[in-house]
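To keep things clear, I will list the structure first and then write my remarks on it.
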Amino acid sequence: MKVAFHTINGVGLGHVVRAVSLATEMRALVPGVKLLVLTNARDTSRIAEAGLDFVKLPPRLSEPHADPGRALTALPEPFEEAALVAALETFRPDLVVFDTHAPMRVARQVAAIGARAVLVLRELRPEALRSFVASAAPLAFDRIVVPHAPGDMDLAPLDGLPVVLAGPIVRPIRGDAPAPSSGAPRVVATAGGGGQPVDARRYLRAVADAHLLARARVPELETVLVTGPYGEPPSNLERYPGLTVVRSTADLDALLARATLVVSQAGYNAIAEIRALEKPAVLVPGHRKAEDQRARALRLARAGAAVIAKPEARSIADAVEAILGSGDRLAAMTRAHRTIPLVARNREAAAAVLRPVWRPPMKNAMAKVAIVAHDFAPKLGGMETVARSLAACLLARGVGVRVYTTNRLGARSASGLGEDVVVPLYQPRPPPARIDLEDDLLATIDAALRDSADVIHLCHAGLGPWVPALRAALPCIVTVNVHGNDLLAPWVFHDGTPDAYRTAQIEGLSSADAVLAVSRFSQDLARGRGVAPGVLHTIENGVDPTRFCPGARDATLARRFGIEDEDEVVLTVSRLAPRKGHRTALEAIALLAKKRPRLKFVFTGASDAMRTELAQIADGLGIGARIVATGFVPDAELPALYRLANVFALLASEADDDVEGFGVALVEAAASGVPAVASRTGGVPEALVDGETGLLVTAGDAVSAARAIERLLEDRALARTLGARGRERVLTELSHERAADRVLGIWSALLERGARTPVDRSPAWPGSSAFVPAENGVLLTRRAQERGAARRAARAARRQSLHAVVERGQLVRLRATGAGARLLPDALEDCAAEGHAPRVEVKLRRFVEADFAAYALPLLEGVELVHGVPHPGARALLDAVRAMPEEALRRVRLVRLFLTPEAREAPSLALEAVPETHALRRFFAERGAVVVPPPELMRYLSELPAGGPETAMVEPTNLCNLACPTCPTGTGKIKPLPQMTLDRFDHVLGELAPRMRNLALWNYGEPLLNKELPAMIAHAKEAGVRVVKVSSNVHFLDGERGLALLRSGLDVLILSVDGASAETYATFRKDGDFERVAGSVAWLCAEKKRLGLDKPRIELQFIVMRHNEHELPEMRRLAREWGVDRLRVKTVGADDATTKDLVPAERLLSRYKADGETPNVRHAFCTMAWDHTVVNVDGSVTPCCYLRPDMGDAFVMGNVFQASFPEIWRGERYRAFRAAMLAGRESMPVCDRCRGGTHDLIASVEAP
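Residues 656 to 1903, numbered by this note's numbering, are exactly what the sequence shown covers, in order.
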């Protein structure tokens, strides 16, 4: 190792003294270290006496010197810098040590030659420190070592920098020098102390004159004035009796020891000499650049060991006379030194200076450990639990711990480890690439420089590419945890290819000092992917058995989750992810539900989408009432949650990118005495011993899982035995204390191996900038410091902006959506420091999360919510909103709802958002918030939509010639009524026409049985209806009626033909004549062509059913042969047992799932009551054709022949119907089973 010292200054020897002191200690710490001193000191005797090599440069031209003649040989600054760089390039040091006055252009070039730089900063002046920081000069140094004792200076201006308060660096002072004689009082006055030469000259003259003044009252006074190598004695002193002037002395310690009193300018070394010899002192700080002199003088004066005088003769003389005139005072001042004893920290300072390039071997010493855990409290999960448990155990053993984690709400305090332990360092990224590989690496290096970490422990194997970079930048141990899924899906963001990343990850893990796998399975997985076997160790996860322990059910928690004493509870604690086996658990619960009426499945997890999906699955299995989705459960409640369970279930499966490396939740359950059922997958068999602490089943096998769960519920003695054995295993093998001891044992062995220096990556390292910067460790460190400084500057600028708003008396408004969400923790912390409660705009999903409620809401004046609808987990989200405390909900000032981009592109998806929007608007409005819905949905959020309907169905007749099995007319459910007359139709048309744009002339009868149908069509077109449609069974479309229909102005004619053969057709169209129908279709199409008509568009409709689905190809052929414009393939509705057999076997042609009963799609909202109306043949008005008057008066909104349609449209019944739809169609008869309300009953519309 090579170390160079830069000890070049204008005047003074303090920098030389510190360099020699540090070099002496370095030789003891690092045997064989090569040392070089670069100096321009006039007196190099101290360097030579210490046996140090040195390069002596001429003095600086730019410095004012006590010896004007010296300036004739001085080097211009560029020449001096070139000489320094040349000397350093020749010596090739590993470390360059600068003392306070560092030439920054030289310091910044040190990294280019591959050396680290350390600044020994003795500056005490706060404004000088602030200026130093503002200049960005600190970024040139790996470390700043402050040679002062605690309390000597304010380090606040250096916050965020790698600063070490090392303690005083003191030259060895002889303690055997003779004490002062009891004869004439002797004053020794020394010059120097970091001041300018003009101060020194004034000081020397003032001391000489003070001697003369004091001698008038103390005739026997003798004074020795030591000017130092740079000081010039004042003139005419030969006439001053009792005054001796010397430039230097061979034995300054002896001279000081014989002094009765010392007069000094309070320089760094002079104060150390005074304190070491416990001398009463008169301290004379200079006028200029003397703040640090004054600070040192004040400390001694406050202790009573010195008095402060002005640099004037009278002031100094008065102080000398007062002290020498009282023997008691001299003795008291000597005793005062013992209250602030000087403790030299040369060895500690030398070690601190060397730290960027050297870490000593540590035996039986407490290391400093930096744990890198992106996922940490308040976030919960296996990795987080393990990291927090390790940190807590290390702290309990006296180990210095820092946890570097993601900057999220509550990060500092949620773990309970202490706000000085947890460092929110990383800006969160959206999943799945939650870790920014390069930015977070640089942040880690910057923080580790400040914290002087001996060990950096990476809790995530995805950070494998960091290892060579960390070892190149820092002289520390680097270890890594491997869980399992962090090898398969590392969740990191980088710019490289997947293959390049995998190579970097495995090579990085192989270069670690140790890789700690949480199970043998995880270790084998790592080995199988190429990690070097020599670095692999297995340390199973442990839990705290004093927290997780058996006990009675917590009544409050049970009541909150709806758990009663008699209930049998199967519990899963995990994140909500497909691989965690919740679907298998639900299927197992369903198999047991009939036999076990009190069985419930309780699971944790905060994913709204997954919770909604699982609720839908449970509903489909008929066990919706049996599931309890707790959402996020705070860590403090987890032990009580386990005690609610009779059986714990972790029915995980393996995926290509996810695996259960161990299963810490199984160990928590075991510690709680709860028997478990788990899948035989990944590392689970190591967490649960089959037949000893629980039961293992095949992954994905719901039947086996149900049997195992039932066995434990039935055999209580077996359950108690397995639970007791599980807890015993935790106590003996899987406690968090044991796991921490094993980790600490590995670290201790590594630390004892010897000193550690940075190791630049091997030539085999890929060096891609996608993973870590491809420069050497020195440049990497500089880049990390620059990035850290930029982050701190940005934070300071934001803090200043907040301060300005608060100063103006305005309310701070924070936008915590998008990129702003990343800055919310810092902004809230800064506002709290100002004593200000801001208002925050935040997403609704974020608002209901537990950490926001716990760590943000108490700091806020109010909340403004934004929410995109429809939300994929709307059901679970609404449940979470309703479960929030009223106090939190009252903080909501504004709710802005908007359509998601997908909904804006798809109108049908937008309509799905109406119930959710309505529920949120109603809920928050009741609590005083202003709610702004999406403007696109405003029509559907009102019980009184503006205007009338745009589409209508008017029934010309309810008579029909056929008896189709799914039609209420054909089955006799509808009573035949007189046909609608043209006059009555005109009345209806007049009521609807102002807004109506689309008219369907049919319902539950054959419209062509009404001979006035062509006239009705013509009147509708004359009234301005854009599109008029008719649907017919084709039996009355030949001859004059057919021609009249073609000439009526009809826009669309739908012809229902549900078979391609007479036999198939007659199966559904009872009493129908296929041959007549086929001929009529062909004739009608031919007539339209012959007449040269563009309209109507003739659409052939084929309702596909089980008995006719095989004829679909033939129907396509007939459509071409007959010449229709479109072929409509429609699905069949079969909502009762008598029609169930009609459902086709081909799933793509069915409205239903495999059971033939459950609709493929169940729409949350139907717009019919806002956009559509049905006027039946008798004038009765219903919201849609599925709701018929024969079903009851509740479905009849009024009668258009008894009241005006606008009165009906705005009437009580229509309003109540719309209100019920907005509240949720699941509570509405008929509507709850309907799949309609949209146009997705058509499987396809094809050109023939």
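Built from N, CA and C at the ideal position, the CB exists for glycine as well.
For residue 1129, the closest C-alpha among the options 1214, 1141, 1688 and 1110 is that of 1110.
Between residue 1772 and residue 1902, the beta carbon gap of about 14 Å keeps them out of contact (Cβ cut-off 8 Å). Taking the C-beta atoms as reference points, residue 1032 is found no nearer than 8 Å to residue 1014. At a Cβ-Cβ threshold of 8 Å, residue 1663 and residue 1691 count as neighbours.
Beta-bridge pairing by DSSP links residue 663 to no other residue. Residue burial annotation: residue 1265 is buried, with at least 16 other C-beta atoms found within 10 angstroms of its C-beta. Shown here, residue 962 sits in a strand according to DSSP, grouped into three states. Distance from residue 1338 to residue 1176 at the Cβ level is roughly 4 Å; contact confirmed, criterion being Cβ atoms closer than 8 Å. The region 997-1004 makes no contact with the region 882-899; the number of CB pairs closer than 8 Å stays below 3. The region 1165-1242 is shown to contain whole beta strand (DSSP E) runs of 3 or more residues at 1169-1172, 1191-1193 and 1223-1227, in chain order. Burial state of residue 1390 is buried, judged by a 10 Å Cβ sphere holding 16 or more other Cβ atoms. The bridge partners DSSP lists for residue 1608 are 1655 and 1829.
If you draw a straight line from the Cα of residue 1236 to the Cα of residue 1330, it is about 18 Å long.
Around the C-beta of residue 1021, fewer than 16 other C-beta atoms lie within 10 Å, and the residue is accordingly described as exposed. When the beta-carbon positions are compared, residue 819 and residue 798 come within less than 8 Å of each other. Boundaries of the alpha helix (DSSP H) harbouring residue 1037: 1037-1051, taken from the DSSP string. Linking residue 1219 to residue 1098 through their CA atoms gives a straight-line distance of about 50 Å. For secondary structure counted as the beta strand (DSSP E) over 3 or more consecutive residues, the region 1323-1399 holds these complete runs in sequence order: 1331-1334 and 1349-1352.
Here the alpha carbons of residue 1821 and residue 1865 stand approximately 18 Å from one another. When DSSP states are grouped into helix, strand and coil, residue 1074 belongs to the coil group.
DSSP places residue 929 inside the alpha helix (DSSP H), whose first and last residues are 923-932. Residue 1854 sits in a strand when the DSSP states are folded into three classes.
The DSSP-derived three-state label of residue 949 is helix. Counting only residues of its own chain and dropping the five nearest sequence neighbours on each side, residue 1226 has a CB closer than 6 Å to the CB of 1257, 1300 and 1303. In the displayed model, residue 754 falls within a strand according to three-state DSSP. Judged by DSSP secondary structure, residue 1807 falls outside any beta strand (DSSP E); it is assigned neither H nor E. Counting the other CB atoms within 10 Å of its CB gives residue 1480 a total of 16 or more, which places it among the buried residues. DSSP places residue 1687 inside the beta strand (DSSP E), whose first and last residues are 1682-1687.
8 Å or more divides the Cβ of residue 968 from the Cβ of residue 846. Counting along the chain, the unbroken beta strand (DSSP E) around residue 1132 starts and ends at 1132-1137.
Contact annotation: residue 1686 and residue 1709 have beta-carbon atoms nearer than 8 Å.
Put simply, the backbone Cα of residue 1158 is about 49 Å away from that of residue 808. Residue 1744: member of the alpha helix (DSSP H) spanning 1729-1746, first to last residue. DSSP lists 1226 and 1331 as the bridge partner or partners of residue 1303. Taking every protein chain shown into account, the CB of residue 1593 has fewer than 16 other CB atoms within 10 angstroms, so this residue is exposed. In the DSSP assignment, no residue is bridged to residue 1458.
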